[in-house]
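Peer 1:
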Amino acid sequence: MRPMVITGVGAWSPGVASAAAWVERRLDPAQSRPAAPLLPSRERRRASLLTRAAASAFGEAVTQSGEDAATIATVFGSAYGEGSTLALLLDQLSSDDGALSPMRFAGSVHNTASGMLSIACDARGFTTSIAAGELTLIACLQEAAGLLADGHDAVAVVVADCAAPASLIADAERFDTLAAAFVLRARPANSPDSSVLSCIVDLGQPSALPRAATDFPAQLRFNPCAAALLLLDAIAAGVTGSIALDATPERVDRQPCWLTIATASAPGGQADPSTVGQLEATEPEAA
Amino acid sequence: MSVAELSITAYEVCTALGLGRGPTLAALSDGRSGLGIPALSLPFETVTGRVAHPFAALPAALQAHETRLARLTAWLVAGVADAVAAATQRWGANRVGLFIGTSTAGIAETEAAWATLAAGQPRPAGYSYHHQHAYHSVLTVVRGLTGITGPGHVTSTACSSSGKVFASASRLIRAGIIDAALVGGVDVLCQTTLRGFFSLGALSAAACRPFSAERDGINIGEGGALLLLERGEGAALRLRGVGESSDAFHMSAPHPYGRGAHAAMAQALAQAQVEASAVSHVNAHGTGTKLNDAMEAIAIAALLGGDVPVVSTKPYTGHLLGAAGAVEAVLSAICLEAGLVPAGLGLAPQDLACAVNVPSVTLHRPLGAVLSNSFAFGGNNVSVLLQVV
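Top to bottom, those sequences are chains A and B. Here the numbering used here is used: the first sequence runs in plain steps of one and ends on residue 287. Here the numbering used here is used: the second sequence runs in plain steps of one and ends on residue 676.
#1: Please list, in chain order, all residues of the same chain as E353 (chain B) whose beta carbon is under 6 Å from its beta carbon, the five residues on each side excluded.
#2: Taking a contact to mean a Cβ-Cβ separation below 7 Å, would you say A55 (chain A) touches V62 (chain A) in this structure?
#3: Put P596 (chain B) into one of helix, strand or coil per three-state DSSP.
#4: Looking at chain A, which residues of the stretch 464-482 of chain B have a Cβ within less than 9 Å of any of its Cβ atoms?
#5: Of all the residues that make up the stretch 99-115 of chain A, which are near chain B by a beta-carbon distance shorter than 8 Å?
#6: Assuming contact is defined by CB atoms lying nearer than 7 Å, are I507 (chain B) and H420 (chain B) in contact in what I supplied?
#7: Measure from the alpha carbon of A445 (chain B) to the alpha carbon of each residue in A:T136, A:I72, A:T71 and A:F105, then state which is nearest.
#8: Do S108 (chain A) and L363 (chain A) count as a contact pair if the criterion is CB distance below 7 Å?
#9: May I ask which residues mark the beginning and end of the beta strand (DSSP E) holding E562 (chain B)?
#10: Which residues in chain A have a C-beta closer than 9 Å to the C-beta of G547 (chain B)? List them in chain order.
#11: Does the contact criterion of 3 or more C-beta pairs under 8 Å hold for the stretch 507-522 of chain B versus the stretch 648-660 of chain B?
#12: Give, in chain order, every residue of the stretch 133-157 of chain A whose Cβ lies closer than 7 Å to some Cβ of chain B.
#13: Among B:Y544, B:G510, B:A400 and B:G407, whose alpha-carbon lies nearest the alpha-carbon of C301 (chain B)?
#14: Relative to the C-alpha of T576 (chain B), which candidate in B:A630, B:G366 and B:F498 has its C-alpha closest?
#15: From S455 (chain B) to F386 (chain B), what distance separates their C-alpha atoms?
#16: Who pairs with A180 (chain A) in a beta bridge, going by DSSP?
#17: In the DSSP assignment, what are the bridge partners of L100 (chain A)?
#18: Report the neighbours of T128 (chain A) on chain B: residues whose CB is nearer than 7 Å to its CB, in chain order.
#19: To the nearest whole angstrom, what separates the beta carbons of R44 (chain A) and A36 (chain A), a pair I think is in contact under 8 Å?
#20: Count the CB pairs spanning the stretch 579-592 of chain B and the stretch 534-552 of chain B that are closer than 8 Å, and state whether there are at least three.
#21: Is DSSP giving N381 (chain B) helix, strand or coil here?
#22: With DSSP collapsed to three states, give me the class of V371 (chain B).
#23: Report the residue from A:F175, A:G151 and A:V157 whose alpha carbon sits nearest the alpha carbon of T462 (chain B).
#24: Identify the residues that DSSP records as bridge partners of L627 (chain B): which are they?
#25: Report all residues from its chain with a CB closer than 7 Å to the CB of S647 (chain B); omit the five preceding and five following residues, and keep chain order.
#26: Using a Cβ cut-off of 7 Å, which residues of the stretch 159-193 of chain A contact any Cβ in chain B, in chain order?
#27: If we ignore side chains and look at the alpha-carbon of each, how far apart do G530 (chain B) and A493 (chain B) end up?
#28: If A131 (chain A) sits next to G77 (chain A), beta carbons under 8 Å apart, how far is it from one beta carbon to the other, in whole angstroms?
#29: Specify the secondary structure class of N579 (chain B) as computed by DSSP and reduced to three states.
#30: Starting from T63 (chain A), trace the alpha helix (DSSP H) both ways and give me its first and last residue.
#31: How about Y544 (chain B): is its C-beta nearer than 7 Å to some C-beta of chain E?
#32: Nearest to A179 (chain A) by alpha carbon, out of A:M4, A:V16, A:T7 and A:V5?
#33: Can you pull the chain B residues whose beta carbon is under 9 Å from the beta carbon of I119 (chain A), in chain order?
#34: Is G511 (chain B) helix, strand or coil when you go by DSSP?
#35: If you compare alpha carbons, which of B:L639, B:S532, B:S567 and B:G573 is closest to R124 (chain A)?
#36: Along chain A, which residues have their Cβ under 7 Å away from the Cβ of W378 (chain B)?
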């Protein structure tokens with residue numbers, strides 16, 4: 001399988017305006033609404049925080065990559081989907097007449113961000129919306145690998161999860177909204193091998209690898225997409241080797257996953273300076 | 288890029304028509320609908336396609352994931368268990384992928400938990416957002432039952448969800464990452480979907496009537512299907528192509544001229560490298576709404592002409608939403624193998640604006656290839672091309 005190159009990144013979370021803001025830990029408490037410039041203002045007002053966060057991260061990554069939002073294939077990932085919209089519908093179900101809002105119902109589907117952005121960008125090609133719990137980022141990278149192998153030039157992976165309805169989860173497991181995006185291309189054939197970074201997805205391995213930085217905010221650790229922040233950190237730090245994409249290593253009931261990467265600063269690497277990082281997904285080893 | 292030969296070596300299905308291939312084929316052949324009075328308490332009239340079967344509890348190790356959806360899935364797994372065991376043996380458990388489409392996941396249990404909370408009581412002890420509500424819960428259940436460890440995800444693009452899993456699986460097989468995949472879709476009846484489609488004015492009070500001049504909306508059904516895809520020529524039934532597109536038009540209404548529907552079907556044919564004339568019948572999305580059937584007929588007639596038989600199985604099973612793509616792929620496969628095109632129930636009088644050939648009686652004839660369509664909220668379209676060789 002051919003390695004993939006990351007050519008653009010994006011992120012949004014309350015207090016985190018962009019991928020760079022995250023990596024530099026420039027947290028801004030005033031940052032409470034995603035800009036989501038790709039969405040028309042009317043749609044932006046109607047959209048959930050999850051969809052606006054995804055739209056912001058997607059826009060940032062696509063702009064950095066120089067790709068066209070109308071033609072790039074998109075893979076949206078979310079472990080729980082439109083949880084806040086679902087909570088509104090469940091409240092309506094519990095009301096006297098139990099009638100649902102048609103607009104909220106249409107916006108409760110897992111592919112709401114995928115659909116709204118395809119409409120906003122007049123993107124008539126490939127889009128999907130997938131879920132795999134804490135492995136959602138990995139599943140999205142695998143889907144992207146399949147699309148690139150099938151001849152797509154570029155793929156945007158956008159992972160996002162919103163805060164779960166507070167009454168449905170334990171207090172200790174609450175998490176804040178988070179979105180992150182990565183634009184991927186197949187590594188050019190003439191790229192020097194020494195700069196190739198391998199991204200090995202491994203399920204169920206012993207936990208002997210470095211983990212989340214100690215300054216990882218508590219309110220994001222349990223977000224199923226927290227792995228994306230670890231990947232952003234690793235790319236920015238030029239990490240070579242294995243990192244654990246697991247912000248909650250103490251959770252024995254969850255499947256941990258690891259990503260082995262090397263970046264443009266790998267020894268002997270002559271990477272294209274326009275690339276933010278490189279990775280290669282390979283099949284997971286048997287557990 | 289053409290599809291490397293990809294065989295469907297096993298499948299299992301359950302819908303309101305019954306459990307498994309036998310009762311399903313009999314109902315399709317006899318023109319017998321499985322729709323009936325809903326078991327849910329609803330403040331409006333409609334009919335649903337309910338699977339009235341008391342599914343067995345999950346094994347103790349998977350108890351945390353107990354939902355009706357999980358139990359139904361476990362029943363489907365049992366039907367393909369021998370073939371999956373042979374595949375994991377042949378290819379290796381980590382070379383078998385797992386791709387499941389669902390729109391509801393465990394929402395039925397969340398509705399019950401929310402009602403308990405709304406009544407001022409504590410969250411039910413057995414309820415878990417992570418283990419029951421979550422989309423990936425069904426993956427954990429199937430991995431636990433089968434030992435599959437290859438790449439996998441849930442696709443949730445509303446009503447196209449389990450059509451798109453065929454594409455995810457075949458791309459990774461073509462890329463050499465896996466050699467086989469268990470794909471499918473599951474959805475169960477719940478208040479949110481029934482009341483949601485009612486709120487959109489899309490639900491019919493009676494059995495749906497695709498392509499009829501008198502059609503007035505959809506019915507919702509439940510059930511699921513699993514199919515085992517394997518690299519090579521191991522079975523006569525083949526997955527030949529999958530087309531995927533976006534309308535880029537509206538969140539809950541299709542493009543009026545079927546722009547995205549046409550693109551998805553054309554892409555499936557191109558991927559399979561077959562001519563339009565090779566399609567022996569179309570399993571239409573055919574929900575029975577004014578908008579869907581009108582645009583779908585335009586797209587089918589433009590691509591395939593007006594002679595090819597077109598049928599919707601929605602009046603038989605109801606619309607299975609996230610499970611529709613996989614279930615209708617299996618219904619299409621059963622029809623291909625048996626050489627029959629089911630009658631279009633509730634058709635007369637046909638909408639003359641729908642210039643497609645909907646048979647009013649069951650057709651018995653040799654069939655070659657079927658295009659099976661699923662279109663969804665967000666303007667998400669998929670068309671799956673199956674062929675018997």
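Glycine included, each C-beta is placed from N, C-alpha and C at the ideal position. Predicted model, so just to flag it, every value in this text is computed and none were measured.
Peer 2: Reading from the atomic positions:
#1: L345
#2: no
#3: strand
#4: I464, I465, Q478, T479, T480 and R482
#5: A99, L100, S101, P102, F105, A106, G107, S108, V109, H110, N111, T112, S114 and G115
#6: no
#7: A:F105
#8: The structure shown has nothing for residue 363 (chain A), since chain A only spans 1 to 287.
#9: Looking at the DSSP string, E562 (chain B) is not in any beta strand (DSSP E), and its letter there is neither H nor E.
#10: R124
#11: no
#12: G133, A139, Q142, E143, A145, G146, L147, A149, D150 and G151
#13: B:G510
#14: B:F498
#15: 7 Å
#16: A:A11 and A:V159
#17: Its beta-bridge partners do not exist; DSSP assigns none.
#18: T442, T444 and K451
#19: 5 Å
#20: yes
#21: helix
#22: helix
#23: It is Ala, not Thr, that sits at residue 462 (chain B) in the sequence shown. It is A:G151 whose Cα lies nearest to the Cα of A462 (chain B).
#24: B:H651
#25: A630, G631, L634 and A635
#26: A164, S167, L168 and I169
#27: 32 Å
#28: 7 Å
#29: helix
#30: L49 to S65
#31: Absent here is chain E; the protein component of the structure consists of chains A and B.
#32: A:V16
#33: S533, D534, A535, F536, H537, M538, G665 and G666
#34: strand
#35: B:S532
#36: Ordered by position in chain A, no residue passes the 7 Å Cβ test against W378 (chain B), which lies about 11 Å from the chain.
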